[in-house]
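Asker: One line per chain: the protein sequences are A, B and C, in this order. UniProt numbering puts the last residue of the first sequence at 264; the count rises by one with no breaks. UniProt numbering puts the last residue of the second sequence at 282; the count rises by one with no breaks. UniProt numbering puts the last residue of the third sequence at 351; the count rises by one with no breaks. Don't be surprised by glycine CBs; every beta carbon is placed ideally from N, CA and C.
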Amino acid sequence: MWYAAVAAGSFRRYATYQMATVAGVFTNTVFGFIVAFTYLALWHERPHLGGYDQAQALTFVWTGQALLATAALMGGGLDELQERIRSGDIAVDLYRPADLQLWWLSADLGRAGLQLLGRGVVPMAVGALAFPLALPGDPLTWGCFLLSVLCGVVVSFALRYLVALASFWLLDGSGLALISGLAGMFFSGMLLPLRVFPGGLGEVAQLLPWAAVLQTPADVLVGALRGGALVRGLVFQAAWAVGLLALGRLVQSAATRKVVVHGG
Amino acid sequence: MASGRPGVLRDRAAEVAQGVSAYGLIVRMWVRSSLAYRTSFVMMACGNFAANALDFVAIMLMFSQIDALGGFSLPEVAFLYGTSGIALGLADLLLGSIEGLGRRVRDGTLDTLLLRPAPVFAQIAADRFALRRLGRITQALLVLGWSLPRIEVDWTVGRVLMLPLMAVCGTAIFGAVFTAGAAFQFWAQDAAEVQNSFTYGGNAMLQYPPTVFAKELVRGVTFLVPLAFVNWLPALRLLGRPDPLGLPGWVDFLGPAVAALMCAGAGLAWRWGLRSYRSTGS
Amino acid sequence: MTGRARDDEGADAVDEAEQLIEVDGVEKVFTVRRRAGRLRRVREEVRAVDGISFRVARGEMVGYIGPNGAGKSTTIKMLTGILVPSGGRLRVAGIDPAQQRTRLARRIGVVFGQRTTLWWDLPLKDSYELVRRMYRIPDAAYRAHLERCVELLDLAPLLDVPVRQLSLGQRMRGDIAAALLPDPEVLYLDEPTIGLDVVSKAKVRGFLREVNAERGTTVLLTTHDLTDIEQLCRRVMVIDHGRLVYDGGLDGLRAAGGGERTLVVDLERELPPIEGVPGARTVRVDGPRQWLAFPASQSAAPLVAAVAAGYPLVDLSVREPDIESLIAELYAGGGMRADAAGAGGKDGRAL
Chain A
1 MWYAAVAAGS FRRYATYQMA TVAGVFTNTV FGFIVAFTYL ALWHERPHLG GYDQAQALTF
61 VWTGQALLAT AALMGGGLDE LQERIRSGDI AVDLYRPADL QLWWLSADLG RAGLQLLGRG
121 VVPMAVGALA FPLALPGDPL TWGCFLLSVL CGVVVSFALR YLVALASFWL LDGSGLALIS
181 GLAGMFFSGM LLPLRVFPGG LGEVAQLLPW AAVLQTPADV LVGALRGGAL VRGLVFQAAW
241 AVGLLALGRL VQSAATRKVV VHGG
Chain B
1 MASGRPGVLR DRAAEVAQGV SAYGLIVRMW VRSSLAYRTS FVMMACGNFA ANALDFVAIM
61 LMFSQIDALG GFSLPEVAFL YGTSGIALGL ADLLLGSIEG LGRRVRDGTL DTLLLRPAPV
121 FAQIAADRFA LRRLGRITQA LLVLGWSLPR IEVDWTVGRV LMLPLMAVCG TAIFGAVFTA
181 GAAFQFWAQD AAEVQNSFTY GGNAMLQYPP TVFAKELVRG VTFLVPLAFV NWLPALRLLG
241 RPDPLGLPGW VDFLGPAVAA LMCAGAGLAW RWGLRSYRST GS
Chain C
1 MTGRARDDEG ADAVDEAEQL IEVDGVEKVF TVRRRAGRLR RVREEVRAVD GISFRVARGE
61 MVGYIGPNGA GKSTTIKMLT GILVPSGGRL RVAGIDPAQQ RTRLARRIGV VFGQRTTLWW
121 DLPLKDSYEL VRRMYRIPDA AYRAHLERCV ELLDLAPLLD VPVRQLSLGQ RMRGDIAAAL
181 LPDPEVLYLD EPTIGLDVVS KAKVRGFLRE VNAERGTTVL LTTHDLTDIE QLCRRVMVID
241 HGRLVYDGGL DGLRAAGGGE RTLVVDLERE LPPIEGVPGA RTVRVDGPRQ WLAFPASQSA
301 APLVAAVAAG YPLVDLSVRE PDIESLIAEL YAGGGMRADA AGAGGKDGRA L
């Protein structure tokens with residue numbers, strides 16, 4: 001059960017940044033208000049844009065703000081791993097009995113857990129007080145939402161893990177991190193729900209892994225996915241999670257060979 | 001010693017000159033060093049450009065579904081987007097590094113700035129001067145350039161001159177917000193993100209027409225944190241649109257005064273913060 | 001109190017020399033908020049520096065020592081203008097550091113052992129170039145100083161390396177050079193040899209001696225390493241709990257602290273503890289090796305003679321006490337502050 005301990009440790013570590021959490025909540029709330037008003041105007045012009053009614057669109061906004069830090073949509077969360085790769089300390093980690101990927105996944109889940117509670121709940125509550133949101137009344141939908149958030153965080157982790165591992169080969173990983181952060185913002189639906197994207201762009205965007213990070217959990221919460229569609233959504237997320245984690249393992253073993261054979 | 005007023009003024013003038021020259025020195029050094037790694041620099045500048053371009057792409061995607069938002073057409077929104085983006089981009093370029101103040105207080109490196117013969121403000125504002133932030137400015141300029149021939153404005157010399165004036169005042173207003181936010185970090189070292197609400201958040205708001213937002217919010221950014229003077233009020237006048245708060249017309253021209261006032265306030269907050277740091281050491 | 005010369009061999013010279021650093025009853029009081037219980041917080045005053053006074057003459061090299069948290073760094077921060085004193089009067093080169101920080105900055109050099117004053121991401125030579133321009137150092141003087149520093153501190157291979165990639169010893173040498181480029185009148189060194197290897201330590205000490213002799217730079221250094229003091233400073237100041245508890249020579253510190261030195265003797269064979277040596281007592285026996293403690297103020301010569309006369313001596317050495325134990329002994333009896341005024345002996349006084 002060492003990974004539970006790692007997750008708990010990471011949770012506690014992020015819990016010590018109280019001031020940063022308060023500052024983050026404030027910022028997420030401010031941005032939530034700004035985006036909510038622009039969506040109000042947008043859905044005022046086109047009442048059923050993307051299949052959402054106004055309340056669903058507003059709920060989407062606050063879900064995005066709640067998950068921004070939790071799912072590390074802009075990247076980050078694995079800076080320490082990247083730093084260890086750059087400095088070469090990673091060689092020590094690779095010889096440890098604990099699996100590298102599982103170790104960092106546990107730590108990232110601990111971080112996500114704290115940020116969901118610390119930075120997710122308050123903006124969502126403020127949003128619910130200030131705007132008419134379409135929040136589900138039944139606990140089952142909430143449960144599905146949490147499950148979907150968990151899958152989303154795992155997909156996000158798997159993507160960021162790949163980016164971090166690229167530091168084994170890239171001299172300067174900041175460019176890749178930047179691109180992946182941009183993709184995370186744009187193709188997750190954070191800037192605009194993917195269902196609102198026009199035509200082919202929207203269809204393609206909804207198949208990409210970033211859709212699993214925010215678009216799917218948000219759709220689960222606002223009730224846009226029900227019954228069979230809900231199951232398909234969760235399967236879609238799980239498939240990306242498994243696929244990307246497997247890819248991460250491949251890259252990881254290549255990196256291990258590189259470190260072991262060539263000495264870094 | 002220098003108890004007389006002229007003495008104080010002379011000292012203050014010398015301090016400003018010292019600050020400007022130190023700022024120039026440090027900036028030049030960083031520019032030279034960032035250009036030494038050219039590929040990395042180009043990549044980061046392009047990334048900075050792309051990050052903001054995607055922002056505007058989202059707005060264009062919205063307009064693929066609608067013709068007007070809050071009664072404003074895409075070129076009009078683009079005009080707001082460009083003017084606000086330029087002001088924020090310039091302020092960020094000139095003194096965005098100041099948001100690292102909290103980290104410097106935490107790890108004690110602020111002390112080393114206090115040992116050098118130059119004002120701390122100049123040193124920290126110039127620290128890690130990032131030319132890549134030109135990416136945002138370029139993108140905002142392009143959007144503004146695209147909007148200008150498409151908005152319905154009867155251009156006179158005075159109206160043309162309003163554009164650079166807006167850029168200067170807007171930069172000063174955002175610069176004041178950056179400074180005040182940094183001064184706040186003298187007390188709350190982990191609160192760097194709060195100022196993002198006012199800078200990046202303010203920018204996100206100013207990109208859209210004021211008609212989109214609730215009146216209370218518009219009042220807030222007019223009277224409380226007067227970001228509305230960056231572009232909303234002068235732009236509404238240029239575009240010939242009524243101001244949703246129904247303020248008298250002369251208010252639209254208060255930009256320079258508001259900017260000067262905010263800079264003075266931010267300067268005081270900074271001095272106050274630094275004085276408190278030098279008496280408590282933390 | 002003011003202008004009182006210390007009673008050492010250079011008394012007359014010191015009397016006439018310019019007092020570069022003047023500290024009179026300086027205090028620094030911090031208000032700390034401490035958690036008391038779950039929600040309640042209590043304000044508490046901490047007197048980090050509690051009314052200290054001293055003078056440092058131009059050209060002196062003074063060691064400033066004390067346990068962690070005694071107030072050393074706070075004093076240095078006040079002397080450099082980083083911190084504003086809560087009370088007392090402070091002048092460095094006639095300048096009030098709190099009021100005219102930037103004016104003073106041109107005339108002092110500061111090296112923090114724990115963190116660099118250089119620009120972290122810039123190559124060393126770019127940092128120096130910035131120093132040159134920021135301190136407005138004339139070209140000729142800059143080139144001469146830099147050349148000298150590069151030569152004495154072996155900096156040539158490091159000039160193109162970004163500061164963050166330097167090892168601790170390299171960075172320390174780079175930092176010291178940067179602090180000296182503007183040719184400061186005072187150099188403050190905060191733990192300049194901490195974490196350095198033996199070779200780097202020797203190099204740094206040699207360089208500081210040379211700078212002091214050549215340019216007459218006044219040096220005030222804090223350290224945990226007694227060897228720094230022994231090799232560099234004729235005068236030591238000891239601070240503890242915010243108060244200056246000693247100011248004088250290192251030998252005097254040993255005497256005032258009642259510190260004991262140890263004579264380690266190796267005899268030809270195992271023998272019972274050595275007896276009958278006046279002023280010394282045997283504190284430990286391990287096979288043929290024995291340890292004799294004797295007052296630090298006393299010369300070791302008569303002891304050695306006495307031991308050699310009565311015992312088959314193979315080898316011997318004298319061990320100095322370290323700073324921590326010296327300070328611990330300095331006021332273990334608690335009487336040191338009380339007899340401060342009277343204790344102005346040959347080498348210094350406890351305060």
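1) Find the residues of chain B that neighbour GLY81(C), judging by a C-beta separation of less than 9 Å, and give them in chain order.
2) Find the residues of chain A that neighbour SER64(B), judging by a C-beta separation of less than 7 Å, and give them in chain order.
3) Identify whether GLY88(A) lies in helix, strand or coil by the three-state DSSP scheme.
4) Classify GLU80(A): buried if its beta carbon has 16 or more other beta carbons within 10 angstroms, exposed otherwise.
5) So LEU25(B) contacts chain C; which residues on that side make the cut at Cβ distance below 7 Å?
6) If you measure beta-carbon to beta-carbon, which residues of the region 26-52 of chain C are closer than 7 Å to chain B?
7) Which word fits LYS258(A), buried or exposed, when buried means at least 16 other C-beta atoms lie within 10 angstroms of its C-beta?
8) For TRP270(B), which residues from the same chain have a beta carbon less than 8 Å from its beta carbon, with the 5 sequence-adjacent residues on both sides left out?
9) Quick one: does THR217(C) have its CB under 8 Å from some CB of chain B?
10) Report the rounded CA-to-CA distance for MET127(B) versus ARG115(C), giving the unit in angstroms.
11) How many whole angstroms separate the CB atoms of LEU122(C) and HIS145(C), which I take to be in contact at a CB cut-off of 8 Å?
12) Does DSSP put PRO302(C) in a helix, a strand or coil?
13) Does the structure place the region 9-20 of chain B close enough to the region 188-200 of chain A that three or more beta carbon pairs sit under 8 Å?
14) Assess, as a yes-or-no matter, whether the region 131-143 of chain B is touched by the region 198-218 of chain B under the definition of 3 or more beta carbon pairs within less than 8 Å.
15) Give the single residue among GLN18(A), VAL22(A), ALA241(A) whose Cα lies nearest to the Cα of VAL149(A).
16) At least one CB of chain B closer than 8 Å to the CB of ASP183(C): is that the case?
17) For CYS151(A) versus GLN82(A), is the C-beta spacing smaller than 8 Å?
18) Measuring alpha carbon to alpha carbon, tell me which of PRO47(A), LEU68(A), MET19(A) ends up nearest THR29(A).
19) May I ask you to list the residues that DSSP assigns as paired with VAL264(C)?
20) Determine which residues share a DSSP beta bridge with ILE239(C) and list them.
21) Would you mind stating whether GLU320(C) and ALA293(C) have Cβ atoms separated by less than 8 Å?
22) Can you check whether the CB of ALA78(B) is closer than 8 Å to the CB of VAL143(B)?
23) For ASP286(C), does the count of other Cβ atoms within 10 angstroms reach 16, so buried, or fall short, so exposed?
24) Beta-carbon of ASP111(B) versus every beta-carbon of chain C: anything under 8 Å?
25) For PRO47(A), list the residues DSSP reports as bridge partners.
26) I need the boundaries of the alpha helix (DSSP H) containing MET124(A), first residue and last residue.
27) How would you call MET60(B), buried or exposed, if buried means at least 16 neighbouring beta carbons within 10 angstroms?
28) Which one or two residues does DSSP pair with PHE72(B) in a beta bridge?
29) Does the beta carbon of GLY96(B) sit closer than 8 Å to a beta carbon anywhere in chain C?
30) Between which residues of its own chain and GLY25(C) is the CB-CB distance below 6 Å, once the five residues before and five after are set aside?
31) How far does the alpha helix (DSSP H) with GLY102(B) in it extend, from its first residue to its last?
32) Expressed to the nearest angstrom, what Euclidean distance is found between the alpha-carbon atoms of GLU270(C) and ARG235(C)?
33) Take ARG133(C) as the anchor and find which of ALA191(B), PRO256(B), LEU25(B) has the nearest alpha-carbon.
34) Figure out for me which residue from PRO184(C), LEU226(C), ALA301(C) has the closest Cα to the Cα of ILE194(C).
35) At which residues does the alpha helix (DSSP H) containing MET134(C) begin and terminate?
36) By the DSSP assignment, the beta strand (DSSP E) with TYR188(C) in it spans what residues?
Answerer: Walking through what the data contain:
1) In the third sequence, the residue the question calls residue 81(C) occupies position 81. Under the 9 Å cutoff, chain B gives LEU114, LEU115, ARG278.
2) For the purposes of this step, residue 64(B) is taken as the residue at position 64 of the second sequence. The answer, in chain order, is PRO198.
3) By one-based count along the first sequence, residue 88(A) stands at place 88. GLY88(A): coil per DSSP, three-state reduction.
4) Here the question's residue 80(A) lines up with position 80 in the first sequence. When all chains shown are included, GLU80(A) counts as exposed.
5) As a working mapping, residue 25(B) is identified with position 25 in the second sequence. Ordered by position in chain C, the residues that pass the 7 Å Cβ test against LEU25(B) are LEU130, ARG133, MET134.
6) PHE30
7) Indexing the first sequence from 1 puts residue 258(A) at position 258. Looking at its Cβ environment, which holds fewer than 16 other Cβ atoms inside 10 Å, LYS258(A) is exposed.
8) For the purposes of this step, residue 270(B) is taken as the residue at position 270 of the second sequence. Excluding sequence neighbours, TRP270(B) sits near PHE121, THR179, ALA180, ALA182, ALA183.
9) Here residue 217(C) corresponds to residue number 217 of the third sequence, with the count starting at 1. Chain B contact via Cβ: absent.
10) What you label residue 127(B) is simply residue 127 of the second sequence in a count that begins at 1. What you label residue 115(C) is simply residue 115 of the third sequence in a count that begins at 1. Here residue 127(B) is Asp; the residue named in the question, Met, does not match the sequence. Spanning the two alpha carbons is a distance of roughly 17 Å.
11) Numbered from 1 along the third sequence, position 122 holds the residue referred to as residue 122(C). Numbered from 1 along the third sequence, position 145 holds the residue referred to as residue 145(C). Rounded, the Cβ-Cβ distance is 19 Å, inconsistent with contact.
12) One-based indexing of the third sequence puts residue 302(C) at position 302. PRO302(C) falls in the helix class under three-state DSSP.
13) no
14) no
15) Here the question's residue 149(A) lines up with position 149 in the first sequence. Closest by alpha carbon: ALA241(A).
16) Position 183 of the third sequence, counted from the start, is the residue given in the question as residue 183(C). Closer than 8 Å: no.
17) Within the first sequence, residue 151(A) is the residue found at index 151, counting from 1. Within the first sequence, residue 82(A) is the residue found at index 82, counting from 1. No, Cβ-Cβ distance for CYS151(A) and GLN82(A) is not below 8 Å.
18) Here residue 29(A) corresponds to residue number 29 of the first sequence, with the count starting at 1. When only C-alpha atoms are compared, the closest one is LEU68(A).
19) The sequence position of residue 264(C) within the third sequence is 264, counting from 1. TRP291(C), SER317(C).
20) Reading the third sequence from its first residue, position 239 is the one you call residue 239(C). DSSP lists LEU244(C) as partners of ILE239(C).
21) For the purposes of this step, residue 320(C) is identified with residue 320 of the third sequence, where counting begins at 1. For the purposes of this step, residue 293(C) is identified with residue 293 of the third sequence, where counting begins at 1. The answer is no: Cβ separation not under 8 Å.
22) Position 143 of the second sequence, counting from 1, holds the residue named residue 143(B). Position 78 of the second sequence, counting from 1, holds the residue named residue 78(B). A contact, by the Cβ cut-off of 8 Å.
23) In the third sequence, counting from the first residue as 1, residue 286(C) sits at position 286. Counting Cβ neighbours within 10 Å, ASP286(C) comes out exposed, since fewer than 16 surround it.
24) Here residue 111(B) is taken as the residue at index 111 of the second sequence, counted from 1. Yes, ASP111(B) lies at the interface with chain C (some Cβ there is under 8 Å from its Cβ).
25) Here residue 47(A) is taken as the residue at index 47 of the first sequence, counted from 1. Answer by DSSP bridge pairing: none, since PRO47(A) is not bridged.
26) Working through the first sequence from its first residue, we reach residue 124(A) at position 124. Taken as a continuous stretch (DSSP letters only), the alpha helix (DSSP H) holding MET124(A) covers 121-130.
27) By one-based count along the second sequence, residue 60(B) stands at place 60. Exposed: under 16 other Cβ atoms inside 10 Å.
28) To locate residue 72(B), count along the second sequence from 1; it is residue 72. Answer by DSSP bridge pairing, in chain order: LEU69(B).
29) Residue 96(B) sits at position 96 when you count from the first residue of the second sequence. It does not: the Cβ of GLY96(B) has no partner Cβ on chain C nearer than 8 Å.
30) In the third sequence, the residue the question calls residue 25(C) occupies position 25. Hits under 6 Å: GLY51, SER53, GLY88.
31) Position 102 of the second sequence, counting from 1, holds the residue named residue 102(B). It spans 101-107 - the alpha helix (DSSP H) in which GLY102(B) sits, taken as one unbroken run.
32) The residue labelled residue 270(C) in the question sits at position 270 within the third sequence. The residue labelled residue 235(C) in the question sits at position 235 within the third sequence. Answer to the nearest angstrom: the Cα atoms are 42 Å apart.
33) Numbered from 1 along the third sequence, position 133 holds the residue referred to as residue 133(C). ARG133(C) has its Cα closest to that of LEU25(B), out of ALA191(B), PRO256(B), LEU25(B).
34) Numbered from its first residue, the third sequence carries residue 194(C) at position 194. Closest option to ILE194(C), Cα to Cα, is LEU226(C).
35) Reading the third sequence from its first residue, position 134 is the one you call residue 134(C). Per DSSP, MET134(C) belongs to the alpha helix (DSSP H) from 124-134.
36) Position 188 of the third sequence holds residue 188(C). Per DSSP, TYR188(C) belongs to the beta strand (DSSP E) from 186-190.
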